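**Student:** Sequence lines, in order, name chains A and B.
Counted the way my numbering counts, the first sequence spans residues 1 to 431.
Counted the way my numbering counts, the second sequence spans residues 432 to 862.
Just so you know, even glycine gets a beta-carbon here, dropped at the ideal spot from N, CA and C.
This structure is a prediction, so every number in the text was calculated from the model and none was measured.
Protein chains: 2
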Amino acid sequence: MTSSPLRLGIAGLGTVGRGVVQIVQRHGDLLAARAGRPVVITAVCARDRTRDRGMRLGDYAWEDDASALARRGDVDVLVELVGGDDGPAKAAVEAAIAAGKDVVTANKALLAHHGQALAEAAEDAGRVLRFEAAVAGGIPVVKALTEGLAGNAITRVMGVMNGTCNYILTRMQSEGLPYEAVFDEAADLGYLEADPALDVGGIDAGHKLALLAAIAFGTRPDFPSVALEGIERISIDDIHRAADLGYRIKLLGVARMTGRGLEQRMSPCLVPATSPLGQLQGATNMCVLEGDASGPIVLRGAGAGEGPTASAVLSDVMDIARGNRVSTFGQPARSLATAKPAGATAPAPFYLRMELLDKPGALARIAACLGEAGISIDRMRQYDHPGPTAPVLVVTHRAMRASLDEAIARMDRTAVLVGTPIALRIEEVGD
Amino acid sequence: MTSSPLRLGIAGLGTVGRGVVQIVQRHGDLLAARAGRPVVITAVCARDRTRDRGMRLGDYAWEDDASALARRGDVDVLVELVGGDDGPAKAAVEAAIAAGKDVVTANKALLAHHGQALAEAAEDAGRVLRFEAAVAGGIPVVKALTEGLAGNAITRVMGVMNGTCNYILTRMQSEGLPYEAVFDEAADLGYLEADPALDVGGIDAGHKLALLAAIAFGTRPDFPSVALEGIERISIDDIHRAADLGYRIKLLGVARMTGRGLEQRMSPCLVPATSPLGQLQGATNMCVLEGDASGPIVLRGAGAGEGPTASAVLSDVMDIARGNRVSTFGQPARSLATAKPAGATAPAPFYLRMELLDKPGALARIAACLGEAGISIDRMRQYDHPGPTAPVLVVTHRAMRASLDEAIARMDRTAVLVGTPIALRIEEVGD
């Protein structure tokens, strides 16, 4: 056990950066006892040097440029908390690797886009690039998957990994509020990214899913192949109808290796109300890792915030301090396979909600469209309605998404459909 | 990265041993890709060499004695799956350490009793002794706590860590069956240890709690200080009454560092029916790790069985194969503090069920006993009853357990109490 301190350079003093500084300052003795050596901060970097961040920073060298920080001789590990999928964050990580430093990052966008190249560069240089904080906040899911389940062939990875979306969906449910109202609330609470599409469009959660899939299946991260669908079209009616059927709606990520290739999707799905995923409330995250030996392992915790994300950063830092060096994606990046995208997703039951003109034969025509596309109906219900259009809900038996889309196209050609139906997959998630 | 194989000696070919052999045989390529070197079995050991175990064992050297296996020159890691808190298991682990081998074990009893001495011996010899499989089966909870939350001061560790007890309690609830009937069922299903007190008396789960507490608080494992209470006295009436109040009864382990010292208890508690712990069904396990930065992290999975336990064994094996060497309890064993046992547990609301003689003033006398012990009553209810005694249920406000015991002693001295009341702590576990 070496007793030389591990020296951190913290790039970015936003919420997470401040959290990391606080842990290192508060828990110096604890970290040293556990790592067998001190863990210290030697330098920091942020845009505005003059701002009062409510913490003691005077002991640390200051750099205005993250890449300069990364190259400092008194920095062993770059902790990249700048953010952004390119620009200064990427430059700093590259500079750190080139200078022979290890890197810990919370940057899911950077890794989803450039993780393969950065991991290869790090491994070529004999350094590690770790990202526990990039996925599901304080939940040690990267570690659980990469190390805890290292003896398993992973059969499926699932996750609710965007707290803002789960906050919106569960608050619509609990308060009976429309999407727009809760979206505005979330914005007021500062829960939304500057570009809200990152959250409600499923992009942020999709980044995370692509990273977990790479570990799970030993494949190069492939974010462009993640089938993305946001929660923007989920209405309070969908929330209520799903509840009536015994389900909850979640922005759920699923990655599976199938005979047809790698299936990766991030989309609103119905899950049983009584399942752990269905019971997940508020901004909390949940990941379900299914190993062929372990069975399903469910992990639940805060998906964001200063403390939880800083805790995840420290998990990687402590691994490095202890001398535990794991490849970014669990095996050497150059040994990762290029996965063929599955294209079609596996068949599933679907929830289908639409509005029909209230005239004789309308329901029959819709049912016919489903039948012509080879889809059989599990349940079909027309609701009371004050207006001129009738809300209709269909739950199908297992069907291919392509068949469903064909049925919807047929419906579009009838004169009875008003607007575009909402189609949501019903995911079989286990108890 | 070394490419020399990591050579395992498997001591014990029961359920878990067979699971480990199967993973190594089935996933050779996967393990090698992830570890950067082959993971192989060179030798095995079990009592009966002639028994058909339904698997190919002919490639492995056979030893009749686990200690001889541990000392073999072609074994790098002893995988101890013999079981028992002393005897051949302890001898084999000691032999392995003395011979300079790393050790992976699933043996909670051994570690709860001798973990401190064995960890010291291993660390003195520069070897590791790891035990992921000893706690909560397939859930990578030791790793999550030791490494994933290494940046946190742990505020509380909780767990439902005996699947048999949770099976019994949840099946009593779902089927309305009495304790004895479900106990017999569990015995028929082979869910019970040879000495059932290990399960229903809370001893097995208490072993696990003591091990987690050592990691969480940096203290020497102290199983004798775990306050143990089994589920043997829980009746179907308790299950129903608790449900009426919105609770479930769980054999719950809790470890906390308090101002008075280390509190460790394993006892049946009431938890909210809607909490993750309350919703836990069947033989599944759940651990809740509370860090000061991370907040609560909930982990759920199979607590026993061939695949899940073997998966946990492989987690430790893969760490060793990858060169990741973590101290048994997260910091050098000789640096662990000796914790002062807290003695008294923190105050809590209690559930108190008793039978009273059905005569005037009985309820008033019981209420007086509580008042005299300084305990105030949140809810009190007397139920309809066909027989000569009246079932009475009391929910107290927060009280010290000692005060409650004093009140029960006072009740005993009245002429109205029949039998011994059941007192169960209501644990505040969060949402």
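Just by C-beta distance, which residues in the segment 260-271 of chain A are closer than 9 Å to chain B?
**Tutor:** Cβ contacts with chain B: none found.
**Student:** Sort B/Val657, B/Gly590 and B/Ala523 by Cα distance to B/Ile728 and report the nearest one.
**Tutor:** Comparing Cα-Cα distances from B/Ile728 to each of B/Val657, B/Gly590 and B/Ala523, the minimum goes to B/Gly590.
**Student:** Given a cut-off of 9 Å, decide if B/Leu855 and B/Phe781 are closer than it, judged by their beta-carbon atoms.
**Tutor:** In contact: B/Phe781 and B/Leu855 (Cβ atoms closer than 9 Å).
**Student:** I need the straight-line Cα distance from B/Met432 to A/Met172, nearest angstrom please.
**Tutor:** Unreliable positioning characterises B/Met432 in this predicted model, as indicated by a pLDDT of 45, which lies under 50. A coordinate reading is not provided.
**Student:** With DSSP as the reference, label B/Lys681 as helix, strand or coil.
**Tutor:** Correct three-state label for B/Lys681: strand.
**Student:** CB of B/Gly445 to nearest heavy atom of the ligand GTP: below 8 Å?
**Tutor:** As presented, the structure is devoid of all ligands, the ligand GTP included, so that no description of it is given.
**Student:** List the residues of chain B that A/Gln279 touches, going by C-beta distances under 9 Å, in chain order.
**Tutor:** Simply Thr705, Pro707 and Gln710.
**Student:** Going straight from the alpha carbon of B/Gly861 to that of B/Ala768, what length do you get?
**Tutor:** Their Cα atoms are separated by approximately 29 Å.
**Student:** Report the rounded CA-to-CA distance for A/Leu118 versus A/Arg34, giving the unit in angstroms.
**Tutor:** So the two alpha carbons sit approximately 29 Å from each other.
**Student:** Have a look at B/Gly443 and B/Ala735 and give me their C-alpha separation to the nearest angstrom.
**Tutor:** So the two alpha carbons sit approximately 16 Å from each other.
**Student:** Which residue marks the beginning of the alpha helix (DSSP H) containing A/Pro308, and which one marks its end?
**Tutor:** That run of the alpha helix (DSSP H) goes Glu306 to Arg322.
**Student:** Could you work out which residue in B/Ser434, B/Ala775, B/Asp626 and B/Leu730 is closest to B/Ile570 when comparing CA atoms only?
**Tutor:** It is B/Leu730 whose Cα lies nearest to the Cα of B/Ile570.
**Student:** Going by C-alpha distance, which of A/Ala402, A/Ala68, A/Gly73 and A/Phe223 is nearest A/Ala46?
**Tutor:** Residue A/Ala68 is the option with its Cα nearest to A/Ala46.
**Student:** Is it true that the CB of B/Lys639 sits closer than 9 Å to the CB of B/Met688?
**Tutor:** No; because the gap between Cβ atoms is not below 9 Å, this pair is not in contact.
**Student:** Given a cut-off of 9 Å, decide if A/Pro347 and A/Arg260 are closer than it, judged by their beta-carbon atoms.
**Tutor:** No, the pair does not count as a contact, with Cβ atoms beyond the cut-off.
**Student:** Which residues in chain A sit within 7 Å of B/Asp750, going by Cβ to Cβ distance?
**Tutor:** Here the neighbours are Glu147.
**Student:** Assuming the contact rule is C-beta atoms closer than 8 Å, A/Val77 and A/Lys108 should be a hit. Round their C-beta distance to whole Å, please.
**Tutor:** Their Cβ separation, rounded to whole angstroms, is 19 Å, which puts A/Val77 and A/Lys108 out of contact at 8 Å.
**Student:** Give the single residue among A/Arg233, A/Gly278 and A/Glu406 whose Cα lies nearest to the Cα of A/Gly246.
**Tutor:** Ranking A/Arg233, A/Gly278 and A/Glu406 by Cα distance to A/Gly246 puts A/Gly278 first.
**Student:** Rounded to the nearest angstrom, what separates B/Asp809 and B/Val825 at their Cα positions?
**Tutor:** Each residue's Cα considered, the two are about 8 Å apart.
**Student:** Could you tell me the distance, in whole angstroms, from the CA atom of A/Ile426 to the CA atom of B/Cys700?
**Tutor:** Whole-angstrom Cα-Cα distance: 36 Å.
**Student:** State the beta-bridge partners of A/Glu406 as determined by DSSP.
**Tutor:** A/Glu406 pairs with nothing; no bridge assigned.
**Student:** Just the Cα atoms here: how many angstroms apart are A/Leu356 and A/Cys165?
**Tutor:** A/Leu356 and A/Cys165: Cα-Cα distance of roughly 29 Å.
**Student:** Could you round the C-beta distance between B/Glu871 and B/Val757 to whole angstroms and report it? I think they count as a contact, below 8 Å.
**Tutor:** The first residue shown for chain B is 432 and the last is 862, placing residue 871 of chain B beyond what the model contains.
**Student:** Are the C-beta atoms of A/Gly437 and some chain B residue less than 9 Å apart?
**Tutor:** In the structure as shown, chain A starts at 1 and stops at 431, and residue 437 of chain A therefore has no counterpart that could be examined.
**Student:** Whole angstroms is fine: what's the gap from A/Gly163's alpha carbon to A/Thr42's?
**Tutor:** When rounded, the distance between both Cα atoms is 33 Å.
**Student:** What separation, rounded to the nearest whole angstrom, lies between the Cα atoms of A/Gly14 and B/Val588?
**Tutor:** If you take the alpha carbons of A/Gly14 and B/Val588, they lie about 30 Å apart.
**Student:** Provide the residue span of the alpha helix (DSSP H) that contains A/Leu370, from first to last.
**Tutor:** It spans Ala362 to Glu372 - the alpha helix (DSSP H) in which A/Leu370 sits, taken as one unbroken run.
**Student:** Anything in chain A within Cβ reach of B/Tyr583, meaning under 7 Å, just list it in chain order.
**Tutor:** Reading off the sequence, residue 583 of chain B comes out as Asn, not Tyr. Within chain A, the residues near B/Asn583 are Ser311.
**Student:** Taking CB distances under 9 Å as the criterion, tell me whether A/Lys340 reaches chain B.
**Tutor:** For A/Lys340, the answer is no, since every Cβ of chain B falls outside 9 Å of its Cβ.
**Student:** With a cut-off of 8 Å on the beta carbons, I'd call A/Pro332 and A/Glu94 a contact; round off their distance for me.
**Tutor:** Incorrect: roughly 19 Å between the Cβ atoms, too far for contact.
**Student:** Would you mind sorting B/Ala770 into buried or exposed? The rule is 16 or more other CB atoms within 10 Å of its CB.
**Tutor:** Label assigned to B/Ala770: buried.
**Student:** Please state the DSSP three-state secondary structure of A/Pro224.
**Tutor:** Correct three-state label for A/Pro224: helix.
**Student:** Would the segment 817-824 of chain B count as touching the segment 787-800 of chain B if we require 3 or more Cβ pairs under 8 Å?
**Tutor:** At 8 Å Cβ cutoff, the stretches touch.
**Student:** Using the DSSP secondary-structure output, state which residues sit across from A/Cys165 in a beta bridge.
**Tutor:** According to DSSP, which records beta bridges pairwise, A/Cys165 is partnered with nothing at all.
**Student:** With a 10 Å radius around its C-beta and 16 neighbouring C-beta atoms as the bar for buried, classify B/Met486 as buried or exposed.
**Tutor:** Under this definition B/Met486 is an exposed residue.
**Student:** Under 9 Å between C-beta atoms, does A/Lys208 make it to chain B?
**Tutor:** So, not an interface residue.
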